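Residue numbers (the working numbering), protein chains in the order written: chain R, 535 to 988; chain S, 333 to 1019.
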Amino acid sequence: MELQAVLMAAGGGSRMTDLTYNTPKAMLPVGNKPLMWYPLNLLERMGFEEVIVITTKEVQKMMSTDPKMKLDVKMKLDVVCIQEDGDMGTADALRHIQQKIKTDILVVSCDLITDVALHEVVDLFRAHNATLAMLMSKAHEFTETVPGQKGKKKTAEQRDFVGVDQSGKRLLFMANEADLEDGLSIRKSIMRKHPRMHIKTGLVDAHLYCLKKAVVDFLADNKSISSIRGELVPYLVRKQFSKTTNCPKIKDDAEDQNQKKNDGSTNHELLISSRDEPLLQLAQDRSCWNDHRGDMSEAYHGGKLRCYVHIMDEGPCYRVNTLAAYIEANRLAPKLFEEVPVHPSAVISERCQMGSDSYIGAMCQIADKTSIKRSTIGNSTTVKEKVKVANSIIMHGVTIEEGCNIQGSVICSNAVIGRGADLKYCLVGNGQQIEPEAERTNEVIVGADQLMEI
Amino acid sequence: MAGKGGKQSRSSSGLSGRKGAGDQEEEEQPLQAVLVADSFNRRFFPVTKDQPRALLPLGNVAMIDYTLEFLTSTGVQETFVFCCWMASKIKEHLLKSKWCRPTSPNTVHIITSEMYRSLGDVLRDVDAKSLVRSDFVLVYGDVVSNVDISQALQEHRHRRKMDKNISVMTMICKESSPGHKSRCEEDDVIVAMDSRSQRILHYHKTQGLKRLQFPVNIFHSGSNEFEIRHDLLDCHISICSPQVAELFTDNFDYQTRNDFVRGILVNEEILGNQIHMHVTKDGYGVRVSNLLMYDSVSSDLVRRWVYPLTPEANFVDQKGRSCTYSRHNVYRGSGVSLGHGSQMEENVLIGCDTSIGANCYISNSVIGNNCTIGDNVNLDHAYIWNNVHIASNVVISQSVVCDKVEVKTGVTLNKQCVLAYNVVIGPDISLPEGTVVSMHHPDEEEDEDDDEFLSDDAEVGHSKDKTKLKAFNPAEVGAEGKGYIWKASSLDDTEDEELVRKNCESEDSEPDDPDDPVIPSPETDDVKVFQMEVLGTLQRGLEENIGFDNLVLEINSLKYAYNITMKEVIQILTSVVLEYPFQQQGPQLTPAQYVALLLPLLKKWAPVFKNYVKRVQDHLDCLSAFEEHFLEQDSHWPAMVKVLMNMYQLEILEEETILRWFSQGATTDKSRQLRKNQGVRTGHTAL
């Protein structure tokens, strides 16, 4: 076994609380499949037979009841539950399962939908004996109208600055705009080693990482790091160019200083070495291959810690962590996986106009004279007569009474839409009742208790 | 007519083709160039005291000829040569050269003025005289290049057509990795640019920097791909729009091109001017900006990197200056005689009518015309100019020997020596590394001018009389030697550079910075300045007998000026006062002398202390500074107790706090030792 796969599925979806109020993020239906099915499918296609799923009790319960999960995933899922309110970061979660980690790992987030050729990332990891290999993609513009959003909301998020070398693979620099108020600062020694650095800003981190086992061991010793993306990755990227990890024979006084700094805790330095270290070293010495040109120093300038990134130039790569991304993913994901438009168990009246880009889930009942276009309708949903649904996402167990007109909206599970209601660009929360003949435009309709939270 | 002639000669001169540009160009104005034949610095001093840099021979051809050949081959039809320092010599040279023949495709106008002090002055004059009509090429007279700039020119014109006159300059850079020989550490730049448009966003010299800073706002230009490049060698060739001259006029503080580039980039949002970059992968383009570069460019030239500008090409078209080229890059001029057993190893260029004795060993060297070299001479990386006499048994390595120098027998020149014009060295002397010898006395320039912008003036003759009075030192230049040793030489710079390079390497070994990089706080400087100021204040207070309240007032205002905390004020005041006797009398004072000097001072300044040292914490701060001072001066521990006692008697310090300090303060071994000191113990018990 070369890599162990770890799926991080404990996230709460804090950036789309309206959707995740009753359904955990990992279980949100996208194209009538729970969100976490997509990364699992990605891993399965890659050939993994076993996945460690880190998740919450709630999700675990839903997983055992969700028929989809059982049907489609052949891999052995090793579900590890962590406390929901424990406020654990992704790195904390890795530390939690350290005992289970025997080899290098591949960490995937549950909200990733992509058709990336995953071997590209892994190949980078293998070829360069890298400490970290990660996946990034060009950011996509979301075109769909987002319910409850007035006007075009600018993405208030700050850009990430990602610096790669000339080949576009080696990760040299990483910082968020927020941390760069004093300007971007790069050590000259880095520029001497990699004289041409490309700084890219329009990238999305897919939250897919290959990590050496040593990194997990390092995490176990460094309890202060709690998030992979927020702390661990920037740390590793920075660490690439520090001498302390680059040369094993540190001067004694330097070591003393480190010891002092570490205040007794066992091992704060990342020890990147593998079993075959002497052999690899020998191979490198004998080889005339080099990763850079322009000077005569050894490959990788003798650095042992190396971070690489694969940047997808094209192809879909979404992180479903906002409402806009969720809507976009719903529209695109089924196409990506060539979904059957209508589940065999759905009952659809013959006098229903259905566009070819709509997807109807299991056990649905669609009545006469309905029109469904560019929409996804979840399992066990009832759509009564003369209903028009366009550009919408209807989750599971929703009842839509006669004569409704639903456009560009998201309707969460178990909601009931009253007779003749007219919803445009609305988000209807879990289990909400919309009174008959209501006319709502651009609203977020959630329960009072849901509003209280936040 | 002129245009046609220009093109023909271009194809005949055999430089890389520029067929594509031809058609377009015909509608446009003939291409003009501004050549600045003055460096406005003293990098080549003292060699340039006798000859302007543009005329220094590089591979036995004056540097300016390379620049003019480059301009002509790139299609320039009109060149304005601006001279300042030794303008008449440059003029004379050019008038004799092929550039001023009627058949020359490149019309050369020579403009001289004593008033030029910088590149800025030259360009302001270009504007005043409205010499340029359209885009022009700006180069220095010491650029050696074979870069084909036609593509850059096209791009520049295209950009100007697309966005009306926004792009004012296109800089030509060559790709070459850091540490490349042709890169000059002094001129190393870091460039941030927009990947797509090649627009320069940030341009900075990197010499002496450890961290490279980029303001964030340069990344707000709408693009999402940027490049930070450190692999660029600035060729010092720029294609300028006519506005450049106007901009120099508008901004009279622009002196160098660097000022200009920085100014344009900083004011980009206001003025809307942009600078672009053209990166060439092949070709050669280097400015000979110092002697280190002189060394590397010369050897590149001999190794034929600047093809077609090779030594045997004789592109300056001088009669009798042709030479033959043979294996291992050995070039011989006509009339060269080589003695029995002499070897020319590789990369050797020997000028006309030079005779070399027997059993010489020459490698990687350039020897000028009409030189005589004796027997058993060893030359490696030696640059021997014209009419030089070298006697037998001489060893020269990596040094420059200028015209008419005489090197007597048995002389050894170690690395990086420079023998300026007419110097005589020897016999039997070894010059240490980095020696610079000139017939001009190093002091004479100080007499002449202090203006650093001066590229020097013509008063050399007048000062010669003075130098005659000073005798040559035979220990320095040999028994029959003539010349003075220069200490502050340009070669020092090259050594500095090497040091810098070493620093850069050692920088790698610095331990990893903590998560938040430590920003060197400007306070530390402030504290130092504050300390100096306090010292100055007290000194003046003594000399002019200023009252204590005025002293306090002054120190208070200093405290605010440098933003110093009260604690620091107390500590600095204490240490300044305790240092004061050393400051005045030197460090060799005995403890007894020290006490004798200090006690009256303490008495005088006691009111000042009392003004600051009030609370218990203040006392402790004062004592900690006191302790620190004596920890450094451990030979003066006997004096300590007396000073302490005195401070107690003057009521600067209180008994309680002294006792508290004594019992608590010890943190290190030495301070513990200090407290154990007999004197303090007895003093302690006395209290």
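Glycine residues also receive a C-beta, built at the ideal position from the N, C-alpha and C atoms.
All of these numbers come straight from a predicted model, not from anything done at the bench.
Assuming the contact rule is C-beta atoms closer than 8 Å, residue i and residue j should be a hit. Round their C-beta distance to whole Å, please.
i	j	result
residue 659(R)	residue 842(R)	7 Å
residue 596(R)	residue 644(R)	At roughly 13 Å, the Cβ-Cβ gap does not stay under 8 Å, so residue 596(R) and residue 644(R) are not in contact.
residue 541(R)	residue 585(R)	6 Å
residue 740(S)	residue 812(S)	6 Å
residue 707(S)	residue 689(S)	4 Å
residue 936(R)	residue 955(R)	Actually they do not touch by this definition, with Cβ atoms about 10 Å apart.
residue 661(S)	residue 679(S)	5 Å
residue 664(R)	residue 772(R)	Actually they are not in contact, since the Cβ atoms of residue 664(R) and residue 772(R) sit about 15 Å apart, beyond 8 Å.
residue 668(R)	residue 697(R)	With 8 Å as the limit, residue 668(R) and residue 697(R) do not qualify as a contact, their Cβ atoms being about 14 Å apart.
Name the chain S residues whose beta carbon is nearer than 9 Å to that of residue i?
i	result
residue 718(R)	524, 544, 545, 546, 547, 548, 550, 551 and 560
residue 670(R)	Here the premise fails: no neighbours, minimum Cβ distance about 13 Å.
residue 766(R)	Residues of chain S passing the Cβ test: none, with the nearest at roughly 12 Å.
If the cut is a Cβ gap below 8 Å, which residues of chain R does residue i touch?
i	result
residue 509(S)	729, 827, 828 and 829
residue 563(S)	729, 730 and 828
residue 527(S)	732
What number of angstroms, rounded off, separates the C-alpha of residue i from the C-alpha of residue j?
i	j	result
residue 932(R)	residue 666(R)	44 Å
residue 586(S)	residue 659(S)	49 Å
residue 902(S)	residue 542(S)	35 Å
residue 756(S)	residue 573(S)	49 Å
residue 551(S)	residue 558(S)	8 Å
residue 835(R)	residue 727(R)	7 Å
residue 462(S)	residue 475(S)	25 Å
residue 482(R)	residue 910(R)	Lying outside 535 to 988, the shown extent of chain R, residue 482(R) is not represented and no answer is given.
residue 357(S)	residue 504(S)	Annotation note: pLDDT 43 at residue 357(S) (below 50); position unreliable, no value reported.
residue 378(S)	residue 814(S)	15 Å
residue 878(R)	residue 774(R)	54 Å
residue 817(S)	residue 392(S)	26 Å
residue 770(S)	residue 717(S)	15 Å
residue 362(S)	residue 404(S)	12 Å
Helix, strand or coil for residue i? Go by DSSP, reduced to three states.
i	result
residue 610(R)	strand
residue 871(R)	coil
residue 651(S)	coil
residue 743(S)	coil
residue 598(R)	helix
residue 577(S)	helix
residue 882(R)	strand
residue 904(S)	helix
residue 970(S)	helix
residue 582(R)	coil
residue 916(R)	strand
residue 675(R)	coil
residue 827(S)	With a pLDDT of only 41 at residue 827(S), under the threshold of 50, the placement of this residue in the model should not be trusted; the figure read from the coordinates follows. Helix.
Just the chain S side, please: which residues come within less than 7 Å of residue i by C-beta, in chain order?
i	result
residue 736(R)	556
residue 714(R)	548
Where does residue i land, buried or exposed, given buried means 16+ other C-beta within 10 angstroms?
i	result
residue 584(S)	exposed
residue 961(R)	buried
residue 656(S)	exposed
residue 975(R)	exposed
residue 591(R)	exposed
residue 827(R)	exposed
residue 489(S)	buried
residue 602(S)	exposed
residue 548(R)	exposed
residue 599(R)	exposed
residue 938(R)	buried
residue 1020(S)	Within the shown structure, residues of chain S are numbered from 333 to 1019, placing residue 1020(S) beyond reach of any answer.
Chain R partners of residue i, CB-CB under 9 Å?
i	result
residue 538(S)	722 and 725
residue 541(S)	722
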